[in-house]
Amino acid sequence: DPMAQARTILAIALALFATTTAQAQDYPILDDPWRIYLGAFDATVDSTLEIRGENLPPRPPIDVEDILGVAESKTVFWGGVSWRFARRHTLEFEGFALNRSAAVTEDFDPPLQAGDTYLESGTVSTSYDTSVYRLTYGFSAVRGERSDLQLKAGIHIASMEAGLGLSGAICDPTTTPTEPPGCPPLGASVETEDVTAPLPHFGISYAYALSPKWAFNIAGLAFAVEIDDIDGSITEVNADFAWQPTRHFGVGLGYRYFTVNVESGGSQLNGEFEFDYHGPALYIQATF
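Structure, rendered in structure tokens:
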């Protein structure tokens with residue numbers, strides 16, 4: 321019966337259309353225009369600091385955790401928002417702040433040098449604050465129903481500030497002697513450096529929906545640049561699994577790695593900051 325065959329073909333076509341439409345709506349983690357996330361990562365931190373002086377030659381950077389006693393592990397909160405304003409175009413903003421401080425008293429061998437000051441023995445009080453904000457544009461070079469391969473470009477704003485309060489046996493250009501050994505006791509000095517460096521980045525990311533409720537994502541960003549009298553480099557690698565048990569809300573578990581180096585001999589910064597962290601991350605997210 322031709323009519324029966326036509327009805328059968330029409331029914332199959334409608335079923336295929338309905339299946340395709342349902343599948344297109346089955347991956348909210350990839351398809352929803354907005355994603356907001358907030359989480360924390362357990363950061364294992366390794367950082368060095370060099371504050372150069374006007375009179376003394378540069379010395380190797382100070383290990384902030386080993387020498388200055390600053391904690392090498394800390395839980396850090398971070399968050400961000402991404403906006404897919406077209407099928408192949410995405411903007412993402414993310415940021416975090418890591419502030420640490422410590423004080424250690426001992427005989428320093430070799431003497432601790434910061435700027436034009438030597439601390440032979442006594443107490444050094446340290447603050448080391450880092451804030452990083454990132455704005456990234458992503459272009460979906462390969463966009464499938466369940467996958468998204470993006471080329472990325474943007475900018476990191478890295479703000480780093482360190483302060484060393486020195487007290488004890490101190491040598492500087494005003495003391496006798498000006499260099500160890502035999503620094504006069506009961507001296508005091510404060511040495512600080514800070515810099516805010518805009519560092520561009522380029523990278524790639526890949527997201528894949530394992531199912532309507534599970535997705536995997538990995539991303540890598542890196543660049544090295546010289547801007548005016550500042551040399552800077554960054555590397556960021558993130559990977560995570562996201563589980564979205566309801567239409568709009570989910571959780572994620574992953575791993576984060578980040579490193580930044582900023583060095584200059586100019587007036588804005590006369591020294592070097594190097595900072596990297598890595599560790600597991602847990603977050604909640606909403607998509608809509």
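321 is the number of the first residue of the sequence shown in our numbering; add one for each residue after it. Positions of the beta carbon are idealized from the N, C-alpha and C atoms, including for glycine. All values derive from a computational prediction rather than experimental measurement.
**Prompt:** Could you check where the beta strand (DSSP E) with L418 kicks off and where it finishes?
**Reply:** Working through the sequence shown from its first residue, we reach residue 418 at position 98. Unbroken beta strand (DSSP E) run through L418: 409 to 434.
- So what does DSSP say about P520, is it helix, strand or coil? For this step, residue 520 is matched to residue 200 along the sequence shown. Note: P520 maps to strand in three-state DSSP.
Worksheet item: Is the number of C-beta pairs between the region 348 to 357 and the region 574 to 582 that are closer than 8 Å three or more?
Response: no
Quiz item: Between L574 and V401, what straight-line distance do the alpha-carbon atoms span, to the nearest angstrom?
Solution: Numbered from its first residue, the sequence shown carries residue 574 at position 254. Numbered from its first residue, the sequence shown carries residue 401 at position 81. First, the residue type needs correcting, since residue 574 is Gly and not Leu in the sequence shown. Rounded to whole angstroms, G574 to V401 spans 17 Å at the Cα level.
Please report how far the alpha carbon of A391 lies from the alpha carbon of S367, in whole angstroms. If you number the sequence shown from 1, residue 391 lands on position 71. If you number the sequence shown from 1, residue 367 lands on position 47. Each residue's Cα considered, the two are about 10 Å apart.
DSSP three-state label for I477, please.
For this step, residue 477 is matched to residue 157 along the sequence shown. Strand.
- For S447, write down the residues that DSSP places opposite it in a beta bridge. Locating residue 447 in the sequence shown gives position 127, where the first residue counts as 1. Beta-bridge pairing links S447 to S421, G483.
What residue ranges within the region 485 to 564 form continuous beta strand (DSSP E) runs of no fewer than 3 residues, ordered along the chain? Along the length of the region 485 to 564, whole beta strand (DSSP E) runs at least 3 residues long occupy 507 to 529, 534 to 547, 550 to 563, reported in chain order.
Practice problem: Identify, in the order they occur along the chain, each residue of the same chain with its Cβ nearer than 6 Å to the Cβ of S584, setting aside the five sequence neighbours on each side. | Solution: Working through the sequence shown from its first residue, we reach residue 584 at position 264. So the list reads D549, I550, once near-sequence residues are dropped.
*Tell me whether T341 sits in a helix, a strand or coil according to DSSP, three-state version.*
Position 21 of the sequence shown, counted from the first residue, corresponds to residue 341. Note that T341 has pLDDT 45, beneath the 50 cutoff, so the model's placement of it is unreliable and no number is given.
Report task. Might you give, ordered along the chain, the residues of its own chain that have their beta carbon closer than 6 Å to the beta carbon of I538, omitting 5 neighbours on each side? Result -> If you number the sequence shown from 1, residue 538 lands on position 218. Correct list, in chain order: Y526, A559.
Under a Cβ-count criterion, where at least 16 other Cβ atoms within 10 Å of its own Cβ denotes burial, should H409 be classed as buried or exposed?
Looking up residue 409 in the sequence shown gives position 89. By the neighbour-count rule (16 or more Cβ atoms within 10 Å), H409 is not buried but exposed.
So is A535 buried or exposed if we call it buried at 16+ other beta carbons inside 10 Å? Numbered from 1 along the sequence shown, position 215 holds the residue referred to as residue 535. Classification of A535: buried, given that the 10 Å Cβ count is 16 or more.
Relative to the C-alpha of T566, which residue among E556, A606, A529 is closest?
For the purposes of this step, residue 566 is identified with residue 246 of the sequence shown, where counting begins at 1. Measuring C-alpha to C-alpha distances from T566 to each of E556, A606, A529 identifies A606 as the nearest.
**Request:** Mind checking who F569 pairs with in its DSSP beta bridge?
**Result:** Numbered from 1 along the sequence shown, position 249 holds the residue referred to as residue 569. DSSP, once it has assigned bridges, lists A606 as partnering F569.
When you compare only the Cα positions, how much space is there between G488 and V510?
-> As a working mapping, residue 488 is identified with position 168 in the sequence shown. As a working mapping, residue 510 is identified with position 190 in the sequence shown. As the crow flies, the alpha-carbon of G488 is around 12 Å from that of V510.
> For A473 versus L519, is the C-beta spacing smaller than 8 Å?
Replying inline: Indexing the sequence shown from 1 puts residue 473 at position 153. Indexing the sequence shown from 1 puts residue 519 at position 199. Note that the C-beta distance between A473 and L519 is not below 8 Å.
Checklist line | Where I387 sits in the DSSP three-state scheme | finding: Position 67 of the sequence shown, counted from the start, is the residue given in the question as residue 387. Correct three-state label for I387: coil.
Q) Sorted by chain position, which residues of the same chain lie with C-beta nearer than 7 Å to T496's C-beta, five sequence neighbours on each side aside? A) Residue mapping note: residue 496 aligns to position 176 of the sequence shown, counting from 1. Hits under 7 Å: none found.
Boundaries (first-last residue) of the beta strand (DSSP E) holding D362 | For this step, residue 362 is matched to residue 42 along the sequence shown. 354 to 371 is the extent of the beta strand (DSSP E) around D362.
Discussion item. Would N375 and D429 qualify as a contact pair, given that the criterion is a beta-carbon distance under 8 Å?
Written reply: Taking the first residue of the sequence shown as position 1, residue 375 is located at position 55. Taking the first residue of the sequence shown as position 1, residue 429 is located at position 109. Not a contact, by the Cβ cut-off of 8 Å.
| field | Chain-order list of residues whose beta-carbon lies under 6 Å from that of A482 (same chain, five-residue window excluded) | value | Counted from its first residue, the sequence shown places residue 482 at position 162. Once the five neighbours on either side are set aside, the close Cβ partners of A482 are L369, Y448, E513.
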